[in-house]
Amino acid sequence: MVGGVLERPEAFRDALVKWFGRHGKDYPWRRTREPYAILVSEVMLQQTQIATVLGKGYYQRFLTEFSDVEALAAADDERLLKAWEGLGYYRRARMLRDTARAVLEHHAGRFPEDWKSLMKLPGVGRYTAGAVRAFAFDLPGAVVDGNVARVLARVMDFREPVDDTAGRRQLDEWAETMEDGARPRIYNSALMELGQTRCRPGVPDCGGCPVARFCRAVDPAGLPLKRRRAAVTEVTEHAVWRQDRRGRVLLVCEEGQRRTGMWRLPVRPESEVARWPVLMEQSYPITRYRVRLVVHQAPVGTRRSGPEVWVAVAELGGLPMAAPFRKVVVELLEKTQNQV
Ligand code: SF4
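Each number in the working numbering corresponds to the 1-based position in the sequence shown with 10 added.
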């Protein structure tokens, strides 16, 4: 080791940026300086892997559907949620639209560059504001996502949790001390790339690390430390599958919950469906829950209740639907030889 990063920040930055010049990946959001496109990528990547966002075409499709702030601000719920379908955490899509509307209303359609104005935009916190500043405007400031937090914790051999207030503050402080005021865009991309490809979760690739000589980690695989997670709670949902004589499917549009505006199979109390045959089961995670979804065949003559509606099979593909329910509907229609 030739001295820690805080003693020789310029050498650390140079080594990192040089490595990035040779090994940096070519992502679409690295080819643009358009703050809107960068914000969309940041929000999508908050809870979704790059491989999913790119490999399944979500990013490009969303930008094709809503090419700028004006287009997104004008989107209705159905189009917006349909474009986000499969990404989960649908609140993110609404927040993005709120941001687009705020940029139009308060900034004449042009993203502001200063921290204060950026952080007043709906859903834009310190991290996202820093990312827009760095990647769109090439302006300095700490940009600490999960990858960067891991790199910093290891480089500094930080033995405290990185996900509480004190830990986050400490990482921000180090990030600001190390930051590259002359080339924030490239430097922050490089730091993230290091976390994604070399200083990755679990066992890092220290042999291929361009900043290994500055790193103080004694047991890098054991870092970063995190607070103890809340236990996962198991819950069971009983959904019903019912088609009428015309083949229409009984659905309901969610309201007042996490997935407001998304369509799904109706859920009924266990006491009502206990004797109905089970067609399929699957489980999926959502926040701190693991949901066991049990789909029952509703008997002929079962009536729709409350807000449930009959939907023609031809219309199903155009409705926004959360991934677990889309999967169930596609499988069950295949069994009944219909197409979505
Ligand atoms: S030497 Fe290893 S632990 Fe340290 S920054 Fe590089 S990859 Fe991470």
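Every residue gets a Cβ at the ideal spot worked out from N, C-alpha and C, and that includes glycine.
It should be emphasised that the depicted structure is a prediction, and the values quoted were computed from it without experimental measurement.
Rounded to the nearest whole angstrom, the C-alpha separation of Gly266 and Glu123 is 34 Å. Every unbroken stretch of the beta strand (DSSP E) spanning 3 or more residues and falling wholly within the region 241-309 is given here in chain order: 243-251, 259-263, 288-296, 299-307. Rounded to the nearest whole angstrom, the CA to CA distance from Leu329 to Arg193 is 44 Å. For the pair of segments examined, the region 159-171 was found to touch the region 229-239: the number of CB pairs separated by less than 8 Å reaches three. Arg32 has its Cβ no nearer than 6 Å to any heavy atom of the ligand SF4. A direct Cα-Cα distance of roughly 41 Å separates Pro38 from Trp320. Taking the Cβ of Pro19 as the reference point, every heavy atom of the ligand SF4 lies at 6 Å or farther away.
In the three-state reduction of the DSSP assignment, Val50 falls in the helix class, which pools H, G and I. Per DSSP, Val321 is not a residue of any alpha helix (DSSP H); the beta strand (DSSP E) it occupies stretches across 319-321. Under the criterion of beta carbons closer than 8 Å, Ala159 and Leu181 qualify as touching, at roughly 6 Å. Residues Leu260, Ala308, Thr312 of the same chain have their beta carbon placed closer than 7 Å to that of Arg252, with the five preceding and five following residues left out of the count. Of the residues Thr187, Phe335, Pro317, Ser281, the one whose Cα lies closest to the Cα of Gly96 is Phe335.
The ligand SF4 has no heavy atom closer than 6 Å to the beta-carbon of Val213. Leu275 and Glu247 have their C-alpha atoms spaced approximately 11 Å apart. Pairing Ala110 with Ala83 gives a Cβ-Cβ distance under 7 Å. If you draw a straight line from the Cα of Gly191 to the Cα of Glu115, it is about 31 Å long.
Look at Pro230: its beta carbon is less than 6 Å from one of the heavy atoms in the ligand SF4.
With a contact defined as Cβ atoms closer than 8 Å, Val305 and Val338 qualify at about 6 Å.
Checking the 6 Å criterion, the Cβ of Arg208 is within range of a heavy atom belonging to the ligand SF4. Beta-bridge analysis with DSSP links Met331 to Trp273. Of all C-beta pairs linking the region 55-65 to the region 286-306, fewer than three are shorter than 8 Å, placing the two stretches out of contact. In this structure, the CA atom of Tyr299 is about 9 Å from the CA atom of Ala241.
With fewer than 16 neighbouring CB atoms inside 10 Å of its own CB, Ser315 falls in the exposed class. Under a 10 Å Cβ-count criterion, Pro279 is classified as exposed, with fewer than 16 other Cβ atoms of the shown protein chains found around its own Cβ. Met188 and Asn157 do not touch by the CB rule: their CB atoms are close to 15 Å apart, not below 8 Å. Secondary structure at Pro150: coil, using DSSP grouped into helix, strand and coil. Counting C-beta atoms within 10 angstroms of its own C-beta, Asp155 has 16 or more neighbours from the protein chains shown and is therefore classed as buried. With a contact defined as Cβ atoms closer than 8 Å, Ala185 and Leu162 qualify at about 6 Å. The continuous alpha helix (DSSP H) containing Thr109 extends over residues 101-117.
For Cys216, the distance from the CB to the nearest heavy atom of the ligand SF4 is below 6 Å. No Cβ-Cβ contact shorter than 7 Å links Pro214 with Leu26. Membership of Pro194 in the alpha helix (DSSP H) is indicated by the continuous run 194-207.
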